[in-house]
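Structure, as structure tokens:
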Amino acid sequence: MAATPASSERTLIDVLRLSTDYLAQHGSTSPRLDAELLLARALDVRRIDLYLLYDRPLREPELAATRELIRRRASGEPVAYITGVREFYNRAFAVTPAVLIPRPETETLVEVAVERLRARGHHAPPAVVDIGTGSGAIAVTVAAELPHLHIFVTDVSPAAIEVAHINAARHGVEQRLTFVEGAWAAAHAQAQFDVVLSNPPYVTTEELAESSRDVRDFEPHLALDGGADGLDAYRALAASLAGHMSSSATLLLEIDPRRADQVAGVVRGVFPDAGFTFHEDLTRRNRVLEANLP
Ligand code: SAM
Ligand code: GLN
Numbered sequence: 002m003a004a005t006p007a008s009s010e011r012t013l014i015d016v017l018r019l020s021t022d023y024l025a026q027h028g029s030t031s032p033r034l035d036a037e038l039l040l041a042r043a044l045d046v047r048r049i050d051l052y053l054l055y056d057r058p059l060r061e062p063e064l065a066a067t068r069e070l071i072r073r074r075a076s077g078e079p080v081a082y083i084t085g086v087r088e089f090y091n092r093a094f095a096v097t098p099a100v101l102i103p104r105p106e107t108e109t110l111v112e113v114a115v116e117r118l119r120a121r122g123h124h125a126p127p128a129v130v131d132i133g134t135g136s137g138a139i140a141v142t143v144a145a146e147l148p149h150l151h152i153f154v155t156d157v158s159p160a161a162i163e164v165a166h167i168n169a170a171r172h173g174v175e176q177r178l179t180f181v182e183g184a185w186a187a188a189h190a191q192a193q194f195d196v197v198l199s200n201p202p203y204v205t206t207e208e209l210a211e212s213s214r215d216v217r218d219f220e221p222h223l224a225l226d227g228g229a230d231g232l233d234a235y236r237a238l239a240a241s242l243a244g245h246m247s248s249s250a251t252l253l254l255e256i257d258p259r260r261a262d263q264v265a266g267v268v269r270g271v272f273p274d275a276g277f278t279f280h281e282d283l284t285r286r287n288r289v290l291e292a293n294l295p
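Numbering (the working numbering), first residue to last: 2 to 295.
Rendered as structure tokens:
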């Protein structure tokens, strides 16, 4: 795009091709998709409608708007932060740089949670909590999938709570979510939980320092940094849950597949009688640890 002459004769498909090449040269691993999303945003149309406009020449203000978004992406800024939105479980979530961009692998945790909650039925409504909610991806999706469920939602970041609130309203579930700002389960000092959901920070400090610029320089380290061994958050979270789990409670944690047994070890340290199961993500790696208390 930088080399693109400011010609008003450039059609949308020309601009899309040039932008795709430019992003590919500047470190994007999904240049075509990125270019489509950004072009759609610059022109204020839906991505799926772009192809209807392929032959339309772009006007100078449209080219300028596109160039600016492509420039931001080429500098490493994730598309979701530029557009302010990311799809998760077929729903559009608002995102800001205060929250982790929801990941596809987190849909595994949502699937298992929905299954387990359905199996419990809704005769006695379970006490459910999503700890470290970020954008609210987990809590909002589970609440939207299960229309009678009430969920407690916590994060230590007030800015994240704000985003989760926006997403709850956007998907019509805000009446069934209770937002509390605070650390781990301590945010709900009195509660006894039946189902605990969490995708805590689990990247090691070293992995984070070596991760791609898009992640390292733009996503909140508070959401990702799990300390020297990637387990700090699990230790703090598990300790905070002691005394707050009802009998037959279920704990569902997203994990790094390489550290599945270590996370189970941490949880077993606090809940020695729990039964453990792992669930695989779409890449067939253990992505969720399920702990069931007796
Ligand atoms: N649940 C969202 C998702 O799955 O996309 C975000 C998960 S992100 C990996 C971890 C979240 O934990 C962040 O939103 C971060 O602010 C939050 N967090 C970090 N430390 C925390 C703490 N001590 N207590 C509660 N939440 C914390
Ligand atoms: N799956 C995320 C990543 O690899 C990490 C999320 C987390 O720390 N909970 O970027």
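Each residue gets a CB set at the ideal place from its N, CA and C atoms; glycine is no exception.
Backbone CA spacing between residue i and residue j [nearest angstrom]
i           : j           : result
residue 1   : residue 86  : The structure shown does not extend to residue 1, since the chain is modelled only from 2 through 295, so no value can be given for it.
residue 257 : residue 19  : 37 Å
residue 287 : residue 112 : 14 Å
residue 144 : residue 185 : 20 Å
residue 229 : residue 105 : 25 Å
residue 263 : residue 280 : 15 Å
residue 246 : residue 201 : 18 Å
residue 359 : residue 265 : In this structure the chain extends from 2 to 295, so residue 359 is not present and cannot be described.
residue 26  : residue 244 : 53 Å
residue 233 : residue 83  : 31 Å
residue 277 : residue 269 : 9 Å
residue 80  : residue 34  : 10 Å
residue 93  : residue 127 : 27 Å
residue 73  : residue 122 : 47 Å
residue 57  : residue 71  : 19 Å
residue 117 : residue 109 : 12 Å
residue 44  : residue 89  : 23 Å
residue 292 : residue 282 : 17 Å
residue 189 : residue 51  : 47 Å
residue 157 : residue 22  : 40 Å
residue 151 : residue 175 : 10 Å
residue 225 : residue 96  : 16 Å
residue 148 : residue 91  : 17 Å
Where residue i falls, given that 16 or more other Cβ within 10 Å makes a residue buried
i           : result
residue 249 : exposed
residue 285 : exposed
residue 120 : exposed
residue 124 : exposed
residue 53  : exposed
residue 30  : exposed
residue 235 : buried
residue 210 : exposed
residue 49  : exposed
residue 61  : exposed
residue 32  : buried
residue 10  : exposed
residue 63  : buried
residue 255 : buried
residue 47  : exposed
residue 260 : buried
Opposing strand residues paired with residue i [DSSP bridges]
i           : result
residue 219 : Per DSSP, none; premise fails for residue 219.
residue 12  : 58
residue 197 : 130, 252
residue 280 : 289
residue 92  : 89
residue 67  : According to DSSP, which records beta bridges pairwise, residue 67 is partnered with nothing at all.
residue 167 : DSSP output for residue 167 lists no bridge partner at all.
residue 179 : 153
residue 204 : 226
8 Å contact criterion, which residue i and residue j should meet: CB distance rounded
i           : j           : result
residue 130 : residue 198 : 7 Å
residue 231 : residue 204 : 6 Å
residue 253 : residue 114 : 6 Å
residue 153 : residue 165 : About 12 Å; that fails the 8 Å criterion.
residue 155 : residue 135 : No, residue 155 and residue 135 are not in contact; Cβ-Cβ is about 11 Å, not under 8 Å.
residue 241 : residue 192 : Not confirmed; about 11 Å, so no contact.
residue 13  : residue 59  : 6 Å
residue 215 : residue 77  : 5 Å
Inset, instruction - Give a yes or no on contact between the segment 96-105 and the segment 211-221, applying the rule of three or more CB pairs nearer than 8 Å. - result: A contact between stretches requires three or more CB pairs, one per stretch, nearer than 8 Å, and the segment 96-105 meets this requirement with the segment 211-221.
Legend entry - Cβ pair count under 8 Å reaching 3, the segment 34-51 against the segment 64-78: Yes, since at least three Cβ pairs between the segment 34-51 and the segment 64-78 fall closer than 8 Å, the two stretches touch.
Inset, instruction - Spell out a yes or no on whether the segment 164-172 and the segment 135-151 are touching, meaning 3 or more CB-CB pairs, one atom from each, closer than 8 Å. - result: Under the 8 Å Cβ criterion, the segment 164-172 counts as touching the segment 135-151, having at least three qualifying pairs.
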